[in-house]
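If you're matching positions, the sequence shown starts at 5 in this note's numbering and goes up one per residue. By construction, the Cβ of each residue, glycine as well, lies at the ideal position given by its N, Cα and C atoms. In this text, all values refer to a predicted model and were calculated from it rather than measured experimentally. Everything below concerns the one structure shown next.
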Amino acid sequence: MLKRPFRWPSRGHAADTSASAKDQWLWALRDVSFEVAPGEVMGIVGRNGAGKSTLLKVLARITTPTAGHAEIVGRVASLLEIGTGFHPELTGRENVYLNGAFLGLGRRAIRKQFDNIVAFAELSRFIDTPVKFYSSGMLVRLGFAVSAHLLADVVIVDEVLSVGDAGFRRRCEDVIYRMPAAGRTVLVVSHNNETIRRLADRCLYLEEGRVKQLGKTDEVLQQYHRDVFGEIPGQTVQTDSAEAEAVLPRFPLVIENAVVSGPGVVDGTYLRPDAPVRLAFDLVARAEVPAADIRVAVVRDPTVLSVDDSPSRLGPLAFSPGQRRRFVVDYPVLPLVEGPCAIRIRVRRDPATGSDHPISGVCSINLMVKVAATTTRGHVALDQVWREEDSGEDR
């Protein structure tokens, strides 16, 4: 600016603040405000590009916000990307001490936790190897072990935990469970809804850099689920409908008149998990089908789990052209916990024929399970009998 006072800012320069230039600015985050208390686990969800990683970088003091401010009390340990904070030429041992120094800890404090860090990461054999030779999973294990054991007040974890194996992810979740009891605050970003549901007390839903919803985890995840999958409670989605005929193969069987009813269904939209539910539907044959296998799935979260995906108990079924047959499935109870679910019907060729490819579209009936407040977590609520051995009393 001093050398060229009359040319700065020039036309097309990044510092152009004209109205037309401002209209083209892309805000990674805009008007995002929230507060997280000590000892709380906050989940953050949103589509790719919603601003989740940018928000964590602002909180980790890696990125300075253009406007506004972030106040953080205490030491912050962040695990945002694979290898963050590690020098590739240093060994695992040296990087542990380096990360401890970033957190403001002395060598004595780091030395007290060093054996625990190595044991948790399961890297005793490679701890004196330069980390440039580590796999991505090894880097994540060491990074989380450092963040978990070096007594940070705030722990920030991005999607990197998905790199680890199932056993390591479960151990990480167990550590995060125990952090609130010690007064430590945790921020977790994940595209796995079940991870957020298991860990987080509250959830922040970001969309296009703004706060779409902030509140109880189950409520926020339900809204996120509806936005992503376009599923509305009570809506029936059928992939072999007339609108889809132009782009889908003409299956020999069509599912029609699918409906759920019974004492466990309220207003055709909500399910009671403690009452019977009946599913009824028609199959109409467009062509001859020598051996069909009907499958009905109860889906709790399409990204994670089918609670049930059973073939019919009727065996292989044969259909002649133009034939219509009605089928009924009775469920004494559907012990699902609160949240969205779906009952999905599809037909495949009987596997005994040597091919089990689809011979119908998929009919999905979207529902919402509503129950009283409960501490049950997960997908289903199982009947249990507890007994204290000394008293012999059932509870």
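Whole-angstrom distance between residue j and residue i, CA atom to CA atom
i: E211; j: L146; result: 32 Å
i: G141; j: V100; result: 16 Å
i: E393; j: A346; result: 40 Å
i: L143; j: L154; result: 16 Å
i: T58; j: R65; result: 11 Å
i: S288; j: P315; result: The sequence shown places Val at residue 288, rather than the Ser named in the question. Taking the straight line joining both Cα atoms gives about 18 Å.
i: V264; j: L318; result: 20 Å
i: Q226; j: R79; result: 33 Å
i: R188; j: D387; result: 34 Å
i: V389; j: R282; result: 28 Å
i: T133; j: S82; result: 23 Å
i: E93; j: V135; result: 7 Å
i: A284; j: I298; result: 13 Å
i: E44; j: D205; result: 7 Å
i: L218; j: K374; result: 20 Å
i: I131; j: L109; result: 20 Å
i: G213; j: A71; result: 14 Å
i: R329; j: V62; result: 60 Å
i: A185; j: G266; result: 44 Å
i: I200; j: D157; result: 20 Å
i: D162; j: L84; result: 5 Å
i: Y274; j: F323; result: 34 Å
i: A125; j: A279; result: 46 Å
i: P42; j: I180; result: 14 Å
i: M372; j: R115; result: 51 Å
i: R352; j: R174; result: 35 Å
i: M183; j: I363; result: 50 Å
i: T221; j: V215; result: 14 Å
i: L257; j: A296; result: 9 Å
Opening and closing residue of the beta strand (DSSP E) in which residue i lies
i: T189; result: 189–193
i: S364; result: No beta strand (DSSP E) holds S364; DSSP gives it neither H nor E.
i: V281; result: 281–289
i: N261; result: 257–265
i: S128; result: No beta strand (DSSP E) holds S128; DSSP gives it neither H nor E.
i: I160; result: 158–161
i: A71; result: Here A71 belongs to no beta strand (DSSP E), and DSSP marks it neither H nor E.
i: R206; result: 206–211
i: A81; result: 80–83
Residue range of the unbroken alpha helix (DSSP H) whose run includes residue i
i: F106; result: 96–106
i: E198; result: 197–203
i: A113; result: 111–125
i: G43; result: Where G43 is concerned, there is no enclosing alpha helix (DSSP H), given that its DSSP letter is neither H nor E.
i: R348; result: It is not in any alpha helix (DSSP H) - R348 instead sits in the beta strand (DSSP E) that spans 343–353.
i: V62; result: 56–63
i: G219; result: That residue, G219, is in no alpha helix (DSSP H); its beta strand (DSSP E) goes 214–220.
i: A152; result: 140–153
Minimum Cβ-Cβ distance from residue i to chain D less than 7 Å
i: F90; result: Chain labels in this structure do not include chain D; a single protein chain is all it has.
Residue i classed as buried or exposed, judged by whether at least 16 other C-beta atoms fall within 10 angstroms
i: H229; result: buried
i: H383; result: buried
i: G268; result: buried
i: F148; result: buried
i: K1; result: Missing from the structure shown is residue 1; the chain here goes from 5 to 399 and no further.
i: S368; result: buried
i: Y209; result: buried
i: V270; result: exposed
i: L30; result: exposed
i: R350; result: buried
i: P344; result: buried
i: Q28; result: exposed
i: N52; result: exposed
i: F137; result: exposed
i: V49; result: buried
i: T357; result: exposed
i: N197; result: buried
i: P277; result: buried
i: L33; result: buried
i: G47; result: buried
i: G171; result: exposed
Validate contact between the stretch 68–77 and the stretch 120–137 using beta carbons, cut 8 Å, 3 pairs
no
Could you say if the stretch 97–111 and the stretch 188–207 meet the contact criterion of at least three C-beta pairs nearer than 8 Å?
no
Count the CB pairs spanning the stretch 292–307 and the stretch 337–346 that are closer than 8 Å, and state whether there are at least three.
yes
What residue ranges within the stretch 314–345 form continuous beta strand (DSSP E) runs of no fewer than 3 residues, ordered along the chain?
321–323, 328–335
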